[in-house]
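Residue numbers (the numbering used here), protein chains in the order written: chain A, 128 to 465; chain B, 128 to 465.
Every residue gets a Cβ at the ideal spot worked out from N, C-alpha and C, and that includes glycine.
To start, the structure under review is shown below, and the notes come after it.
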C-alpha cells in the first residue's frame with residue numbers, strides 16, 4: 128500500500144469547455160486520523176456530470192470547488208485505520224473522499240456497504256445517487272403512469288438506463304434518445320426501450336420528426352438529462368398536461384448552442400399546459416430507503432441491468448471525465464483507484 | 128331595439144402587432160331562433176388577452192377565429208325571444224355570443240345570471256373567467272401558502288387584482304408589478320399589495336434589483352400574466368423550490384423582445400428546482416362552484432374590490448382591445464353594447 132496521498136485538484140476554472148489543463152495531480156504524506164476519525168483508501172471513484180458545475184464559480188445549487196482544492200466526488204473506499212467507534216479496518220464504505228487515493232472522514236454522511244449484497248460499484252451507480260435520481264425523477268417529479276409515453280434522453284447513461292427500465296416495468300411506451308448506433312442498439316436489446324433514436328448529427332427538426340413518429344399518441348413525460356438540441360426537439364411533441372423532469376443539461380454545461388428563443392419556450396409551456404420541474408437529487412435523500420426497497424431486489428435477481436465504463440487509475444480521471452461530458456462513456460463512469 | 132345584427136369580424140390576421148385594420152364591422156338582418164334556440168341581445172362584451180391568440184393561425188390551445196368570422200368573446204346578454212324551454216324573454220345570461228350585438232344560442236355552455244346577487248358585469252370579471260383564473264392559479268397551480276412571498280404581474284388587471292387580494296388574505300407578502308404610477312398606487316392603497324413596482328421604462332436588471340429589495344426572503348410563488356422583461360426580471364429572484372404559475376404572456380403576443388437565452392431559462396429552472404406550470408382556465412371549469420362559494424360572498428360584502436374600464440358601443444371594441452394589449456385598461460375591460 129502506498130504511503131503517499133494522491134489527489135487531483137482543480138488547477139483552474141474552465142472558460143468554456145473544460146480541458147486537461149484544468150486539473151493537476153498533487154502528492155502529499157498520508158494523513159493520520161484523529162480521535163473520532165478514520166482513514167480510508169479509495170477503491171472506486173464515481174464520475175458524474177454534476178461535477179462540471181462544481182468547476183465553475185457561477186451560481187449553482189452547491190458551492191463550487193475552490194481552485195487548488197481536491198475535486199469533489201463519491202467513492203467506494205476501504206477503511207485502513209479507524210479511531211471512530213462506528214468503523215473498523217476492512218469496512219467498505221460509501222464516502223465523499225473526492226478525486227483522491229485516500230481520505231480522512233469523521234463518518235458524517237458515510238454509509239457502510241455490504242459487499243455480499245451486490246457488487247460494491249452499484250453503490251455509485253444503479254443503487255446509488257444516479258439510481259435514486261432515476262427513481263425520484265420518474266415517480267415523484269414526472270409522475271409517470273402506466274399507459275403513458277415517456278422520452279428519456281441520455282437513455283443508456285447511469286441515470287437514463289434505469290429510468291428506461293423502470294418505465295418499461297410500469298407499462299409505459301419508452302422512447303430513448305442516445306448518442307450513436309451502438310448505444311441505441313443496447314437500449315432496445317438490453318434495456319427494453321421500445322425504440323431509441325440516435326441524436327448524433329441530427330438537428331432539432333429531424334429529431335423532432337422522428338420523435339413524433341415514435342410517439343403516435345404524443346409524449347406525456349420527458350426525463351431530461353441533456354438539454355440542447357434534444358430538449359428543443361422533444362418540447363413540441365409534448366402532450367397537453369405533459370410533465371418534464373429536468374434533471375440535467377450536460378449539453379449546455381459547456382456552452383452548446385440553443386435555437387429556441389425565450390417566448391417560444393414559455394409559450395410552449397403555457398399553450399401545452401406543461402409542468403416543468405427542476406430537481407436535484409440532494410434534496411431527495413429521504414427517498415433512499417423506499418428506492419432501495421424496490422430496486423435493490425431487481426438488481427440482485429438480474430431484472431434490472433446496468434453497465435459500467437471503467438477508467439484505470441486515479442490519473443486517468445480527468446480524461447475520463449472529459450469523455451463523459453462528451454457522451455463517450457457507456458453506462459456508469461467509474462475510476463478504479465485502489 | 129334595432130332590427131339589425133351588428134358584428135365585428137376578423138378582417139385579416141395580424142403580421143405582428145394587431146391594428147384596427149384587422150377588424151371589420153358587418154351588418155345583417157336579425158336572425159330568428161329555431162326550435163330549441165333563443166335570440167339574445169348583448170348588454171356587455173368582455174375583452175380578454177386570450178383573444179389575441181385567436182387572431183393568429185399559429186398553434187395554440189384553441190382553434191383560431193377564421194378570417195371573416197365573428198370575433199369570439201363572452202357576453203352578458205338579455206334573452207329577447209326564446210324557443211328554448213330553459214330560457215325566457217328577459218333572462219340575463221352569460222353566453223359566448225362574440226363581438227356582436229345579438230346572437231342565437233341553443234343554451235350549451237350558457238349560464239343564467241341573477242342580477243340581484245351582484246352587478247351583472249362581475250360575471251365577466253371578478254366572478255367570471257378572470258376571477259376563476261386568479262383563484263385556480265393561486266391555489267391549484269402556484270400552491271401559494273401563508274407566510275410566503277408572491278409576485279403578481281399585471282397586478283391591477285382583471286386577473287392580477289384578484290390574485291393580489293386573495294394572496295393578501297392568505298397572509299402572504301404580496302409584491303405587484305404594474306405599468307405606471309397610478310396603477311401602482313391603486314394596487315397598494317386599494318388592493319392591499321405590500322408594494323407595487325412600476326415596470327414602465329424599467330429594464331430587466333433594474334426591475335430585478337427592485338424585486339430583490341422588495342422580497343428580502345426571496346420569491347416563493349410567481350403569478351405570471353405578461354412575459355417579457357417582467358418574467359426575466361423575476362426569474363433570478365425565485366427561491367429554491369419556487370413555483371411559477373404561467374397564465375399569460377401578453378408582452379410576447381405581439382413580439383416583444385426577449386433577452387434570456389434558452390440555456391439560462393432551463394438552467395434557472397434546474398438549479399433553483401422550480402416548478403413551472405402553464406395553465407389555461409378552460410381546463411378548470413370544474414372548480415367554478417368552489418371558487419364562487421369562496422369569492423362571491425367577499426365581493427358582495429365589499430371585502431374584494433374590482434375595477435372596470437368601459438368602452439361605449441360595439442364599434443369601440445377593436446380600439447379598446449388594442450389598448451388592452453398595451454396595458455391601457457385599468458382593471459377589467461368591458462364594452463357596453465346594449
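Item, Value
"Three-way DSSP call (helix, strand, coil) for residue 154 of chain B in this model", "strand"
"Rounded separation between residue 128 of chain A and residue 450 of chain A - CA only", "Any reading at residue 128 of chain A must be qualified, since the residue scores a pLDDT of 48, below 50, and its modelled position is unreliable; the value itself is stated next. Cα-Cα distance, rounded: 29 Å."
"Buried or exposed by the 16-neighbour rule on C-beta atoms within 10 Å, applied to residue 185 of chain B", "exposed"
"Beta-bridge pairing of residue 435 of chain A - partner residues as DSSP gives them", "A:459"
"Distance CB(residue 171 of chain B)-CB(residue 248 of chain B) smaller than 8 Å", "yes"
"Beta-carbon neighbours of residue 262 of chain A, restricted to chain B and to distances below 7 Å", "In chain order: nothing, as chain B lies at least about 17 Å away."
"Residue 149 of chain B vs residue 178 of chain B beta-carbon contact at 8 Å", "no"
"Residues sharing a beta bridge with residue 405 of chain A, DSSP", "A:373"
"Chain A residues whose Cβ lies nearer than 7 Å to that of residue 406 of chain B", "400"
"Proximity test, Cβ basis, 8 Å: residue 412 of chain A and chain B", "no"
"Residue 452 of chain B vs residue 377 of chain B beta-carbon contact at 8 Å", "yes"
"Interface flag, residue 396 of chain B vs chain A, CB-CB below 8 Å", "yes"
"Interface residues of the stretch 333-360 of chain A facing chain B [CB-CB below 9 Å]", "351, 354, 355, 358, 359"
"Own chain partners of residue 317 of chain B with C-beta closer than 6 Å, once the 5 adjacent residues on each side are dropped", "432"
"Partner residues on chain B for residue 376 of chain A, Cβ-Cβ distance less than 9 Å", "390, 393, 394, 397"
"Cβ distance (whole Å) where residue 359 of chain A is taken to contact residue 387 of chain A below 8 Å", "5 Å"
"Cβ separation of residue 209 of chain A and residue 201 of chain A, assumed to be a contact under 8 Å, to the nearest whole Å", "Not really, about 20 Å apart at Cβ, beyond 8 Å."
"Beta-carbon proximity check, residue 167 of chain B vs residue 230 of chain B, cutoff 8 Å", "yes"
"Minimum length 4: unbroken alpha helix (DSSP H) runs contained in the stretch 145-212 of chain B", "177-181"
"Simplified DSSP state of residue 299 of chain A, which is helix, strand or coil", "coil"
"Residue burial classification, residue 134 of chain B (beta-carbon count within 10 angstroms, cutoff 16)", "buried"
"Any 3 or more C-beta pairs closer than 8 Å across the stretch 306-325 of chain B and the stretch 277-288 of chain B", "yes"
"Sequence-distant residues of its chain with Cβ nearer than 8 Å to residue 259 of chain A (five each side left out)", "408, 411, 412, 414, 415, 418"
"Residues sharing a beta bridge with residue 325 of chain A, DSSP", "A:305"
"Residue 447 of chain B in three-state terms, based on DSSP", "helix"
"Under 7 Å by beta carbon: chain A residues contacting residue 403 of chain B", "396, 403"
"Nearest to residue 226 of chain A (by Cα), restricted to the options A:448, A:350, A:256, A:300", "A:448"
"Exposed unless 16 or more other CB atoms sit within 10 angstroms - verdict on residue 326 of chain A", "buried"
"Cβ of residue 385 of chain B within 8 Å of any chain A Cβ", "yes"
"Beta-ladder partner(s) of residue 134 of chain A, from DSSP", "A:153, A:227"
"Sequence-distant residues of the same chain with beta carbon closer than 6 Å to residue 176 of chain A, five excluded per side", "375, 377"
"C-beta neighbour in chain B for residue 373 of chain A, strict 8 Å", "yes"
"CB contact check: residue 226 of chain B to chain A, cutoff 8 Å", "no"
"Exposure of residue 147 of chain A, with buried meaning 16 or more beta-carbon neighbours within 10 Å", "exposed"
"Chain B within 8 Å of residue 171 of chain A, Cβ atoms only", "no"
"Among B:353, B:406, B:370, nearest to residue 390 of chain A - alpha-carbon criterion", "B:353"
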